[in-house]
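A.B. asks:
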Amino acid sequence: MPHIALPPDLPGIRGAMAFRPETARPLNALVEVLLTGPSTLSRGERELIATYVSSRNCTHYCHSIHGAIAAAHLGGNEALVMQVKSDFTQAAISPKLKALLSIAGKVQQDGKLVTAEDVRAARVLGATDLEIHDTVLIAAAFCMYNRYVDGLGTDQPEDEALYRERGRRVARDGYVTVSEEYLASHTEAAHA
Amino acid sequence: MPHIELPEGFPGISAGFTYRPETARPMRELAHILLHEPNSLTPGERELIATYVSSRNNCHFCQSSHGAAAACHLGDEAVVKQVKTDFQSAPISEKLKSLLVIAGKVQQDGKLVTRADADAARKAGATDLEIHDTVLIAAAFCMFNRYVDGLGTWQPDNPEMYAQMGRHLADEGYKQPSIKQPLEKPLEEPVSIP
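Protein sequences, first through last, are from chains D and V. All residue numbers for the first sequence refer to my numbering, where the first residue is 14 and numbers rise by one. All residue numbers for the second sequence refer to my numbering, where the first residue is 5 and numbers rise by one.
1. Is D153(V) close to chain D, meaning its C-beta is less than 8 Å from at least one C-beta of that chain?
2. Out of L39(V), C76(V) and H70(V), which has the shortest C-alpha to C-alpha gap to I17(V)?
3. By how many angstroms is the C-alpha of T46(V) removed from the C-alpha of D100(D)?
4. The alpha helix (DSSP H) spanning P39(D) covers which residue range?
5. If you compare alpha carbons, which of S58(V), I53(V) and G20(V) is closest to C146(V)?
6. For a cutoff of 8 Å on Cβ pairs, would you count I135(V) as touching chain D?
7. Hey, I26(D) and Y161(D): beta-carbon distance below 8 Å or not?
8. Is DSSP giving V149(D) helix, strand or coil here?
9. Would you check if the segment 179-193 of chain D and the segment 104-114 of chain D touch, i.e. whether three or more CB-CB distances between them fall below 8 Å?
10. Please decide whether A124(V) counts as near chain D, where near means a Cβ-Cβ distance under 8 Å.
11. Determine whether the Cβ of I53(V) lies closer than 8 Å to any Cβ atom of chain D.
12. With M31(V) as the anchor, note down where its alpha helix (DSSP H) starts and where it stops.
13. Check each residue of the segment 30-64 of chain V: if its Cβ is closer than 7 Å to any Cβ of chain A, include it; give the result in chain order.
14. Work out the CA separation of K101(V) and E51(V) for me, nearest whole Å.
15. Hey, is F32(D)'s beta-carbon within less than 8 Å of any beta-carbon in chain V?
16. Shorter than 8 Å from the beta carbon of C146(V) to some beta carbon of chain D?
17. Helix or strand or just coil, what does DSSP make of P47(V)?
18. Using 8 Å as the limit for Cβ to Cβ distance, is H70(V) near chain D?
19. Below 7 Å CB to CB, which residues in the same chain sit around A31(D) once its five sequence neighbours on both sides are set aside?
20. Using C-beta distances below 8 Å, list every residue in its chain close to Q96(D), excluding the 5 sequence neighbours before and after it, in chain order.
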């Protein structure tokens with residue numbers, strides 16, 4: 014049960030966002046730019062970074078939903094997503110993405126752990142400064158989203174089918190569009 | 005030296021914000037709502053939560069700039085220091101202490117927050133919205149701190165600069181940059197002599 018009176022029937026971050034639509038807007042705008050905006054990293058790659066960080070933070074809702082979104086972008090390859098969560102060094106992903114995931118893993122612990130050597134290694138494998146920037150910020154942002162979801166004690170369902178279905182929708186429509194449904198319906202309910 | 009080619013002369017998060025305006029916009033807006041817009045927690049209380057979390061994350065730029073903003077709001081630098089070192093003995097309300105307990109747990113791991121922590125805060129007078137905002141401020145500073153540190157940004161040791169930033173943040177909030185122009189080359193950094 015959540016620690017505060019969140020709207021029922023909205024699991025994970027959705028309940029928290031419907032509770033406070035004012036902060037939900039920039040939270041959704043940020044994830045939209047980072048994970049769906051124009052980038053030389055594919056949407057699948059960026060979702061894998063978000064999934065990996067959420068998995069290291071052990072936030073069930075976030076690593077399940079972003080894992081499902083990643084799989085939707087990667088041709089339904091759920092095995093690859095699982096492999097990135099358990100040991101990305103063995104996963105069938107590019108060496109560049111592996112270098113970025115090691116930076117993300119350090120940011121997840123403490124940004125100060127990232128070294129010039131980590132960044133040099135990513136550059137040698139073809140990463141641009143903007144890609145390194147976005148990796149750091151995706152990892153940092155998921156340290157926020159994960160703590161937000163866990164810190165309020167939100168409901169985090171176990172049902173994998175729920176994440177799979179929703180993952181496909183978010184992959185197709187994006188975060189802001191999907192969020193408008195539950196933000197609007199909750200606002201109407203609150204004002205009825 | 006920053007890990008990537010950030011614009012020169014912009015300290016801390018202002019370098020990241022200048023480098024990538026698309027992500028700066030929602031991040032500024034989030035900080036503005038959480039720390040500056042009307043709320044039943046005062047801006048000083050909210051800046052203390054931000055400062056405390058940044059201090060526990062050992063992020064020099066963030067704890068200095070938000071500490072300066074808190075001191076501006078509260079007209080008291082000593083209380084800011086006290087909150088950083090031991091908030092339980094600081095001259096702040098029991099309600100704020102119970103919220104700082106929650107913020108400190110979120111800083112480590114959101115899962116550490118218990119129903120009992122939230123009940124204790126409610127007993128001390130906190131509303132659900134105040135508990136929500138405390139959790140989100142703490143979570144957001146776990147992002148801001150990692151962003152500033154993870155890029156290896158320039159974090160000068162310059163109390164005067166932080167005092168000016170704190171004044172701007174306390175007066176204007178977060179929508180507009182507090183650092184509008186690149187700063188002079190820092191004196192404390194060694195200059196190589198050919």
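The C-beta atom is built at its ideal place from N, Cα and C for all residues, glycine as well.
C.D. replies: Reading from the atomic positions:
1. yes
2. Closest option to I17(V), Cα to Cα, is H70(V).
3. 45 Å
4. P34 to T49
5. S58(V)
6. yes
7. Against a cut-off of 8 Å, the Cβ pair of Y161(D) and I26(D) comes out as a contact.
8. helix
9. Contact between the segment 104-114 of chain D and the segment 179-193 of chain D is absent, because fewer than three Cβ pairs lie under 8 Å.
10. no
11. no
12. P25 to L39
13. Absence of chain A from the displayed structure is noted, the protein chains being D and V.
14. Rounded to the nearest angstrom, the two C-alpha atoms are 14 Å apart.
15. Yes - at least one Cβ of chain V is within 8 Å of the one on F32(D).
16. Interface residue, yes.
17. helix
18. no
19. P20, L23, Y195, L196 and H199
20. Q103, A104 and A105
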